[in-house]
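Numbering (our numbering), first residue to last: 136 to 223.
One structure is given below, encoded as structure tokens.
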Amino acid sequence: MHIAMKPVRTLKVTSSGTSVQSSSIADNRFYIRVVSDAACHIAIGVNPTATTSDIYIPAADVEYFKISPGEKVAVIGSANVYISELSE
């Protein structure tokens, strides 16, 4: 999927086997781009906790998600995950 949107800010979340949350997605941001340097799982919500039953992100795969402002991304696995907030 290719979306022509402007990256505004990128958050880095590092997990080493336990669920770790990003900071809140900024107001007026409704889309994010997620890429990870290793396979992991993510959850999205106001106060998410990621488990191995949540969204699977393969290593080096780029995924786009529609989110609500103020939500966070939680990551579990041994990975660095980069979450870019996108603006139209």
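Ideal Cβ placement from N, Cα and C applies to all residues, glycine included.
Note that the coordinates shown come from a computational prediction; the quantities given were computed from them, not determined experimentally.
Suppose you measure from the CA of residue i to the CA of residue j; what does that come to, to the nearest Å?
| i | j | result |
| --- | --- | --- |
| Val170 | Ile218 | 7 angstroms |
| Gly152 | Val208 | 15 angstroms |
| Leu221 | Leu146 | 12 angstroms |
| Thr186 | Ala174 | 13 angstroms |
| Val155 | Ile190 | 14 angstroms |
| Thr184 | Ser150 | 12 angstroms |
| Ile192 | Asn163 | 25 angstroms |
List the residues that DSSP assigns as beta-bridge partners of residue i.
| i | result |
| --- | --- |
| Thr186 | DSSP, once it has assigned bridges, lists no residue as partnering Thr186. |
| Gly152 | For Gly152, which the question treats as bridged, DSSP gives no partner whatsoever. |
| Glu220 | Arg144 and Ile167 |
| Gly180 | Lys207 |
| Ser213 | Ser151 |
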